[in-house]
Each structure stands twice: as structure tokens, then as C-alpha cells.
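Novice:
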């Protein structure tokens, strides 16, 4: 069957299990768009801004454990998507990132939209290829899927010159093989066993797959036998948690608190976690958070089979076959009028519905939400992974596309939410079941703290750069602009009422919470 | 006087004539922010999104003919600013683009926000340097200013590791020398004279400085003597036009119309313009727009002194000392009820106030606005230069900062405006005198045409990707969300009334024009 390159690529993507394309196309992508018409099995989700598309692909990948594709327009379109591709890279989310490009022969003319797309793509891409011909582009697509899925997972960027889309293609390419996760060597197990039997304090520092749910269950068995402690990374791509799961705290974000959390350990065993380092450098403070006397050892890197490594370690130390996690119980609703971090956290603990997906870009507001929600109904928690703000609303959009039967709750700092609020429109258009909670403190609160952390002594002009209250953002109006219903709440009882209402209905809803 | 690197940099920027910083800072930029407090003469303008900052710096540079600085947060912040830096690059706008980075010693730890900033910056930067020490950073800043101003003008990116900001600096660096615009060689004048005397049809194709105002006056004298025709590029960074100026048409955007506009010429003399090429490639159509038989010759490239070249050419052909431009007269207000491209263009021609700055990202809607506004009161017209949509609202913001006494009017396509609408908030915060007109056709209208141009035969799913009407964007609500008053108009008389009201008051105002 004769088909052009674009159609051969779309059919190859569908054959390789890629079912969703988050798009913000332009002229050079029109053949790809037209091919979507002719191919069954690829859902096209339009985004108003590329950061919405890439953030949605990240949220989708975290929940589906397989890639969506994006469709971006040349270098500037990729540029707009870079911030959330950076987050996806840090979350190790598989994404097939398709970037349209001028026809191969047209690039030499340096038309206005011409730019060095590869240079822009390289920093966020685990795999990068520019299509050379229409006959090769299906195989390029198959290779991109395999590269995205290759452990530990990543962004595979395929740059698609327009003529490789419109000229005659070669038909559907078969899926390319995906290497399995590597098994950690026996020596690594032995080293970890020695640490656990040393009689000295040991931390099991969990990240990536090891922290999700099953990994924590095995780690808890090891802890029960050996007395080791468990700690998650500061940011985690996905944790399945709530009632019946193993509770876990996270390494604190502030450097001094993080160092205090690690200072008593003599051994830190990394399982899917990377070396604990400060998010930012500060004058006079170290970058590495573990004490210098501590043996930091990677049992399993993110590309390894972390579950297998934990299970072998559990058996090697003679861990029990199962331990019952503690049951903190669901928090009750708080009383009083006051909206603050504590009361809001308690409301979340009480009201998060079973099966909910919480997309957390709370920044300063949400640092204490984690313990109080441990006793909530079972749910999944996704965090901002790469520190690039503006992920929350797009990530929720993608998670809702991946899991249409689960309620999605976005915990969104106001300053960060303003980067990519356009994704609310996609939520309305696709009738996604997402409740967005905006923590409205009308400032870049994190920067007020950071200004103090770096030792700077701010005056009016500096503080003015961190303030969002002149004029105040009117979030319900913004939401209405994008076709989403919204309310502002200023008291705790009103928040509880409106949140209950939003959770009981289907479809997108936004609540601006005055803090 | 002891000062840290950040303060030495800010003082150097002010000493070098950089008076405005469009900021969206993060933790790694806190010392720069703190330094703004201690230094007189640098206005800090906060943007909610980096594309707003870079687009504003572009608009500022076009009107001030000198650079503003930006302040962006690491690789992802730069990423968000890339689309409008791409436009600035194509407009040859001088910008000192400052990108914060982790402390030099912290980069090796690969903290979550670490990325290859240079790789991201290179495609949009005429000059690129990463600061190595606090003592060198003032000189780096002086070099960046000179590089931004070096003809033809460009984006100078200075990456600023946090420790080069907080450690002790070296004091203010003196301004670095800026090379003058090169004089075109006499041979180029001779070649152009020969073409003009050949008796064959000649086009003077004007861009960059040659198209602004003075260049057109000289070109018109040459045309009066020789019979040559004048034509501007499709996109122009800045044209000063309206009553009393030399009228000029632009090379049409659609390839077939552009080829038709050029097909009769045997000589095309480029003055500040680049080679006429198709914006996009299309199957079966050429990339170069000039006929193969045509001699295309660059009298002056953008880095040359184009005014000098035109004046020498005028003298060489014996052009008259002055010619009076035709006086088309200000259009009268149209009658009837119907809002369409023609009636809207006529309203603009009638109501654009003297001294207004028109920031044009009209895309499809505005292709016919140019002729009908030639007779308007004298004004300045800025266009989307690099094809990267989402420039209009930010560019207007920067132009208004540069020219507080001039009315700014943004002509904004709705699809494009949704990329960077956050800049409305900066307009409100800074009380900028900007009227934003949104052409609300609720679709990516340009892509409907392009889908046909590339020969694709769209179905429902493809057309759905180009539609913005489900749900419709409510622009007055969006504006209110950002603190700007807005109205939607659906009839011509209502549009005229509301536009008159908006032009008569000061401060930002938005009108959604139903088309």
C-alpha cells in the first residue's frame, strides 16, 4: 500500500503502542496532521502552547508507563516545550518527541523560521535523530519508540523534515527491540548486605521504580529485618501511596534540613535514587548532602531492575515475606475558619478520593502535605521532577488522558501555574476529570526564602520582583477564559464545600485557595 | 569600593546604557536581583513567563535602538524565552540576554535543574559566553553590550554562574568599543548603477534600516530618477510610516503571489534585505522566489551602513534632492455593521493616533492592513520577524516601556496571542499605554490555508486540530484574570466606539474583535 512518510510514521507509532499525540502543529507538520485522519488508533490532543504538550506527554508517560508522542513546530516550538521536556528527562519519562522541520532542501535558504533544532534538542534528549528521507522515517519512528522505552526511559527526539513527511514512504516499520532493565551484579547485593549487617546506621534511599509501591513493600521487609531506615528522594516521578501502602518521608528540600536528615547515617544505599545533592548551591554550604564519613553506595541505578535488586537483597538478609504497613488512618476534616498549609493539607488527607492522581507543583505551600496525606485513600502522587516550573497543569492533563477513570487533583502554586495555564483549555476541550487547586499567596514565595538563603539582603525593588499582588491574578477569570469553571475560596469551610462539589462532579474545575 | 560580581555587572550594564531589565528570576539569580536594589538607573520589569521577557526586550530594542537586558533562570527559563529570542535574532534586535546558572563548582553534581545551557543558547545567540569568575563578570557584561550592538545587532547571551554573582567582583568595567557599520565598497555602488541604467526592470528590495523611513526617502529619490520599483520584505522589524512618508508594499507571504510580484524583474538590488525565499517549502514549488533569469545583488547587507549606501547610489544616478511622497489621505471610517478584514483595516487607518506604535502579529487577518493604513497619521509598525508566534503582546510591552509617551496598539491573532498572554499582567503592573486588539476567528486560520498549500486533503480530525472554538476562548475574562480591562465586540459600530474609548484613555485595554 502506497503511503507518504507521515502516514508510514503515524502507522508505525500506532503499531508500536503509541496511542496519543499531544500536538501544537504548524505548517511544516501539516502532512503529519493529515495522516492522523487516515490512521485509526492515534488520539490527537490539541494544546495551545508547546509546554502544555510536553508536560502532558510527561504526565501520560508516568501513568501509562509508555510513551505518547508530541508534535511540535520547528525550533521555536521545541523551545517552548523544552522546560517540560527537561522535567520529563529528570523523571525518565518515555516520550516520542516529534519536531517538524523545513524540507531538507529548504534549510539552506535560511528562511525566517530556520534554526539549529538539534542544538536545542540535545540537552533534553536521550536519543536524537533528524529524518533523512521519507523511506526511512517509519524506521526512525520505530527506533524512537525503542529509545524512549530503553531503561531508564527518556525523551527520544525525532526531527521530521517536511519532505520526509510528504514524499513516498516505505510502509509500516516493525517495532524495534527494547533492551530489558539490567540485573544488578551479585557483588552489589553482597556490598549492601555487608552494610546492613555492619551494625552501623543504614539508609535505603529510594527513587525511580523502587519508590513507587512494590519497591517500598520490599524495602520495608528489609528494614524490618535490619533496622535500616527508608527515605524517598526530594522529588519523585511517581509514588503510589495512601492507606495500605508503606509510608515514606522525602529528603527535605532546604539544604540544612536535608543535611540534618542524613547526618546520622554511616551507609546510604541508593536504589533508583541518585546521589543526594543540594538543589541549588549556597555560599558556604556544600553541594553534597551526605556526611563525608558516609559510604554512599548505588545498589541499583535508575536503569537497573530495582525491584529484582530489592527482592534479592531481602532474601539475602533473610527478610520476612511480608510486613504490614502501619495504618495512620484517614485524617478527619479540620475545624475553624483559617486556610493555611496545615488545614489545607488535612483537607487533602480527608478528601482525596480512592484512585486519585495527585499532580503536585505546590512548591513552598505543599512541603508538609506529604505526611498528612499518607493515611488518605489509596492514590498516586506525581511531583515536579526537574525543578522547571509550569509542569502541574500540563502534567495533570496528560495523566487524565492516560487514566480517564481516575480523578486527577492538581496542587498548583500560583506563580508556577502562570507559565502554562493554557492547558486548562485542553482539559475543557477533552472534558478531562481534573480539579485544579491554586495556592494563591500572590508571590514567588520560594524566592523570598531563597533570597535569604543566598545571604542577600533585599530592599523594596528586589522584593517587588517576587510579588504577584499588583495587580492580583484573578484565577477564576483566567479559568473562565479557557472554558473552565472556577471559584475563589477564602475560608476553610468554603474550601471544603467547594472541593467536595468539585470532586463529586466530572470534568475540569479550578479552585483558587487564598493563603 | 568592594562589591560582589552581580553588583559589578549591574553597574557595568547601567554605565553601558542598559536601563531596563525584563526579569523572570529564580534562586540562582537572587544576587542579581538584590544588586538591582543597590544600583540606581536600572528599571526592573517583572514578567510572568520568560517569553514575555525576551519578547519585551525585542520590542524595546526595536524602538530604543539599544539593548535591554533580560534575566532568565537556568536552561529551562532560557528554553521558555527561546521562541522570542529567535524572533529578536531575525529582527537583529540588540539584547543582553542574562541567564543564571548553577555555581561553577555545583554543576558537576548534576542537580535537577542542571542542563547544557550553551547548547540551548547557541542557536539564538550572536555572542555567547559563560562567566568564569566574579572578577571577570563586569568585563563580560561590557563585552555583551558591545556584542549586542555590533552591526547588524543581535542577542548576546551571558550565562552567569551563581558564584560569579556572589563572590567579590572587580568594580565597574568601562564600555567596550562597538564597531561602526561597514561602508559598502564603491564596486557595489557601480554594480547597482549599471543595473539601474540597464533599461531593464529593477527592484530595490528594502529591509532592516533601509526600510524604516529615511532609507525609503532616499530610495524614492532613486526610483524617481531611474524608474526602479520599491518593495519591502514580507516581515520587517520596524517601519516608520503613515502620512508624509514614502509608501511601500511588502513582498506577499503566499509563495505564488510572491513569485508573481517578482517575476517581471531582471535585477533585484537588496538593501538591508535578505534573499527573497519562501517562508516554508511546498511540494513542487521552489524555495527561491526570484525568477532564475534575475540578477539578485546585495548592495548592502544588514550589517552595512545602508543609509550611506543609498545616498551614494542616489548621487551616482543623479537622483533629485527630494521627492514628495504621494498623499493618499487618511481613510474615513467605514459604515455598516460588518466586522471583517476590510472594515477593520479601514478603522485602523482612520483611528491610529499620531505617534502610535503598531505591534503586528495579525497573521492571516492582517495581510491587507498595510495599504489601507498608509494614509493614517504618522506611526511606527513592528512585525513578527522570525515567524515564531507569541511575540505580539510581549513586543508591545517592551515598546511601551521604551516609549512611554506613545500609544501602543497590538494587532494580535487569537491563536498566537495564547502563547504569551501573561504579558498583559506586566502591562497592568507597569500601567503601560497599550491597546490590544484580538482578531478572534477561533481557529489557526493560517494552518487551514497551509493544509491546502501542502496538498494535504484534511478530514474532520485534522481540521479539529486547527480549531479553537470548543470551548471558545473568552478573551475579556483572560484579560481580567491578568488585571486588564477588556471587551468583546461583534459589530463594526461597537468596535469603533470601544476602540475610540480605549485610545482616549491611558493604560492597558483589550478588545476581542469577533471575525
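Chains as they are written, first to last, in full-length UniProt numbering: chain E, 1 to 515; chain X, 1 to 515.
Each residue gets a CB set at the ideal place from its N, CA and C atoms; glycine is no exception.
Between the Cα of residue 242/E and the Cα atoms of 144/E, 286/E, 372/E, 294/E, which residue gives the shortest distance?
Specialist: For residue 242/E, the closest of 144/E, 286/E, 372/E, 294/E by C-alpha to C-alpha distance is 372/E.
Novice: Taking the CB atoms as reference points, tell me whether residue 432/E and residue 378/E lie closer together than 7 Å.
Specialist: no
Novice: Check whether the segment 484-491 of chain X touches the segment 54-67 of chain E, counting contact only when three or more Cβ pairs, one atom from each stretch, lie closer than 8 Å.
Specialist: no
Novice: Going by DSSP in three states, residue 555/X sits in which element: helix, strand or coil?
Specialist: In the structure displayed, chain X extends from 1 to 515; residue 555/X sits before or after that span and is not available.
Novice: Assuming residue 395/X and residue 163/X make a contact with CB atoms under 8 Å, what is their CB distance in whole Å?
Specialist: Incorrect: roughly 34 Å between the Cβ atoms, too far for contact.
Novice: Verify the CB distance criterion: does residue 205/X have a CB-CB separation below 7 Å to chain E?
Specialist: For residue 205/X, the answer is no, since every Cβ of chain E falls outside 7 Å of its Cβ.
Novice: Should the segment 102-122 of chain X be regarded as contacting the segment 108-124 of chain E, the criterion being three or more beta carbon pairs within less than 8 Å?
Specialist: yes
Novice: Is there contact between the segment 227-236 of chain E and the segment 193-211 of chain E, where contact requires at least three CB pairs shorter than 8 Å?
Specialist: yes
Novice: Report the rounded CA-to-CA distance for residue 76/E versus residue 439/X, giving the unit in angstroms.
Specialist: So the two alpha carbons sit approximately 23 Å from each other.
Novice: Along chain E, which residues have their Cβ under 8 Å away from the Cβ of residue 475/X?
Specialist: The answer, in chain order, is 481.
Novice: Since I believe residue 72/E is in contact with residue 98/E (beta carbons under 8 Å), could you give me their beta-carbon distance rounded to a whole number of angstroms?
Specialist: 7 Å
Novice: How big is the Cα-Cα spacing for residue 132/X and residue 151/X?
Specialist: 26 Å
Novice: When the Cα atoms are used, what is the spatial distance from residue 180/E to residue 18/E?
Specialist: 19 Å
Novice: Taking Cβ-Cβ distances shorter than 7 Å, what residues in chain E pair up with residue 559/X?
Specialist: Nothing about residue 559/X can be reported from this structure: the residues present for chain X run from 1 to 515 only.
Novice: Please look up how many angstroms separate the CB atoms of residue 471/E and residue 428/X, rounded, as I've assumed it's under 8 Å.
Specialist: 5 Å
Novice: If you pair each beta-carbon of the segment 354-370 of chain E with each one of the segment 402-422 of chain E, do three or more pairs fall below 8 Å?
Specialist: yes
Novice: Flag this pair as touching only if the segment 82-91 of chain X and the segment 88-106 of chain E have three or more C-beta atom pairs under 8 Å; answer yes or no.
Specialist: no
Novice: Per DSSP, what kind of secondary structure is residue 361/E in: helix, strand or coil?
Specialist: Three-state result, residue 361/E: strand.
Novice: By the 8 Å beta-carbon criterion, what residues does the segment 19-32 of chain X contribute toward chain E?
Specialist: 23, 25, 26, 27, 28, 30, 31
Novice: Going along the chain, which residues of its own chain have a beta-carbon closer than 6 Å to the beta-carbon of residue 103/X, five neighbours each way excluded?
Specialist: Listed in chain order, the non-local C-beta contacts of residue 103/X below 6 Å within the same chain comprise 161, 162, 163, local neighbours out to five positions each way being set aside.
Novice: Decide if the segment 140-155 of chain E is in contact with the segment 166-178 of chain E; the criterion is three or more beta carbon pairs, one per stretch, under 8 Å apart.
Specialist: yes
Novice: Pull the bridge partners of residue 127/X from the DSSP assignment, please.
Specialist: 156/X
Novice: Go ahead and label residue 501/E buried or exposed: buried means 16 or more other beta carbons lie within 10 angstroms of its beta carbon, across all protein chains shown.
Specialist: exposed
Novice: Taking Cβ-Cβ distances below 7 Å as the criterion, which residues of the segment 165-177 of chain X are in contact with chain E?
Specialist: 166
Novice: Tell me whether the segment 308-319 of chain E and the segment 279-290 of chain E touch, counting them as touching only if at least three CB pairs, one residue from each stretch, are closer than 8 Å.
Specialist: Short answer: they don't touch.
Novice: What are the boundary residues of the alpha helix (DSSP H) that includes residue 473/E?
Specialist: Neither: residue 473/E is in no alpha helix (DSSP H) and is coded neither H nor E.
Novice: Can you list, in chain order, the residues of the segment 429-451 of chain X whose Cβ is nearer than 8 Å to any Cβ on chain E?
Specialist: Considering only beta carbons, the part of the segment 429-451 of chain X lying closer than 8 Å to chain E consists of 429, 446, 447, 450, 451, in chain order.
Novice: Taking one C-beta from the segment 291-304 of chain E and one from the segment 268-280 of chain E each time, how about it: are there three or more such pairs within less than 8 Å?
Specialist: A contact exists between the segment 291-304 of chain E and the segment 268-280 of chain E.
Novice: Output yes or no for whether 7 Å exceeds the beta carbon distance between residue 217/X and residue 477/E.
Specialist: no
Novice: Would the segment 331-349 of chain X and the segment 383-398 of chain X be scored as touching if the rule is three or more Cβ pairs under 8 Å?
Specialist: Touching, no.
Novice: Chain E partners of residue 297/X, CB-CB under 8 Å?
Specialist: In chain order: nothing, as chain E lies at least about 17 Å away.
Novice: Short of 7 Å in beta carbon distance, which residues of its chain neighbour residue 326/E, apart from the five on each side in sequence? Order them along the chain.
Specialist: Hits under 7 Å: 247.
Novice: Rounded to whole angstroms, what's the CA-CA distance from residue 496/E to residue 55/E? Just pull it up for me.
Specialist: 29 Å
Novice: At the 7 Å Cβ level, is residue 470/E part of the contact set with chain X, yes or no?
Specialist: yes
Novice: With distances taken between CB atoms, is the gap from residue 523/E to residue 53/E smaller than 7 Å?
Specialist: Lying outside 1 to 515, the shown extent of chain E, residue 523/E is not represented and no answer is given.
Novice: Looking only at its own chain, which residues have a Cβ that is under 7 Å from the Cβ of residue 107/E, when we skip the five neighbours before and after it?
Specialist: 114
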